[in-house]
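Residue numbers (this note's numbering): 3 to 411. Backbone N, C-alpha and C fix where the C-beta goes; we use that ideal spot for every residue, glycine too. Here's the structure, in structure tokens; my notes come after.
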């Protein structure tokens with residue numbers, strides 16, 4: 003990445019401002035094309051921002067607090083969702099007259115971030131590894147972490163810089179070709195899929211209809227209640243992630259969501275027979291959201307940055323982000339049709355995905371809590387070398403009998 007991390011975030015804020023203005027003034031201009039273009043621009047901004055921000059946070063955070071700070075990114079997202087839900091009420095800005103104002107409000111976070119970013123330091127890892135500015139990186143680390151002794155961290159960055167200089171430039175294709183990158187990029191993609199194919203956005207996109215089917219008279223307020231639960235349990239995850247670990251929390255979240263999705267299916271099937279099943283369905287949805295924020299919500303975003311060293315990290319974040327948004331789009335597009343044909347059984351599909359991702363996490367995802375980027379990267383390289391060694395031995399074993407046969411002939 004040629005641009006500095008901080009400058010990249012500043013530049014993409016221009017897209018948010020442009021997209022917000024297009025949407026905010028589309029009604030005044032009587033142009034639906036402006037609305038479509040504004041949505042497109044905002045979509046590009048979201049894709050870039052969800053890559054830059056977790057990467058920056060991971061690079062400026064001390065190893066012991068990297069998970070907690072990474073969860074703060076998810077906390078900002080869920081607070082934004084909750085604010086949008088509240089302001090989207092018809093009595094506030096969700097009316098026929100004021101909806102363009104609601105869409106135009108997207109420029110406010112972008113302006114606030116643009117005003118605050120100049121006071122934030124550049125990524126010390128980027129400065130030392132990419133720009134060879136050791137003194138600047140050292141000063142930033144001392145200021146950020148409140149200690150003068152940062153020699154161990156500087157040395158770790160130097161070691162990574164030395165190794166990075168010996169490697170060729172990492173492209174997206176190289177992530178899948180190189181044995182040392184293949185496993186972490188597969189883990190990154192699967193974790194992103196586990197977030198979106200868990201069914202969380204199906205619940206949020208269509209929660210009003212789901213709550214209505216469950217018998218709630220004012221479903222919009224129940225949806226806001228789900229947003230409140232979403233926010234509260236992100237805060238809970240903030241305090242748990244450095245204690246329990248990423249892998250454990252992710253599995254707990256997936257397992258809890260799988261149980262709740264089965265409970266949602268059963269309650270939706272029986273609500274017409276037993277009236278109290280409507281309350282079970284509502285409770286299952288709220289607990290489903292809570293389990294999501296314990297693990298699958300925050301962890302996939304920041305763990306990608308932890309699995310890669312400085313060189314391949316930007317390309318890995320791009321692949322992971324693309325996987326996330328593509329699966330998000332497909333869930334939003336296909337869920338109404340799936341719900342129409344499958345009815346209450348639609349959540350069983352998500353149960354299957356959740357169990358699959360739980361098994362994958364148990365067998366394939368490493369624990370990254372308390373480990374440096376260098377340590378994690380070397381572990382993957384060691385596994386790749388071990389697999390290559392086994393493959394070489396298998397090849398030799400298969401060749402030897404052939405040699406013996408030809409010798410006798």
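Query, Result
"Closest by C-alpha distance to residue 48, when choosing among 153, 100, 112", "112"
"Residue 154 burial status per 10 Å Cβ neighbour count (16 or more: buried)", "exposed"
"Residue range of the unbroken alpha helix (DSSP H) whose run includes residue 268", "248-272"
"Residue from 242, 106, 288 whose Cα sits closest to the Cα of residue 68", "242"
"Segment limits, alpha helix (DSSP H) that includes residue 9", "7-26"
"From 304, 320, 201, residue whose alpha carbon lies closest to that of residue 369", "304"
"Under 7 angstroms between C-beta atoms of residue 62 and residue 10", "no"
"Per-residue burial, residue 316 [other beta carbons within 10 Å of its own, 16 or more giving buried]", "buried"
"Residue from 140, 91, 21 whose Cα sits closest to the Cα of residue 44", "21"
"Whole-number beta carbon distance between residue 162 and residue 308, since they are thought to touch under 8 angstroms", "Actually they do not touch by this definition, with Cβ atoms about 13 angstroms apart."
"Span separating the alpha-carbon of residue 142 from that of residue 345", "55 angstroms"
"Residue burial classification, residue 339 (beta-carbon count within 10 angstroms, cutoff 16)", "exposed"
"Residue 216 to residue 348 span [Cα, whole Å]", "15 angstroms"
"Distance between residue 109 and residue 18 (C-alpha atoms, nearest Å)", "6 angstroms"
"Minimum C-alpha distance to residue 149 - residue among 12, 99, 159, 64", "64"
"C-beta contact flag for residue 256 and residue 359 at 7 angstroms", "yes"
"Euclidean distance between Cα positions of residue 130 and residue 138", "8 angstroms"
"Three or more C-beta pairs below 8 angstroms linking the region 262-275 and the region 93-102", "no"
"Beta-carbon proximity check, residue 39 vs residue 16, cutoff 7 angstroms", "no"
"Between the CA atoms of residue 254 and residue 332 - distance to the nearest angstrom", "25 angstroms"
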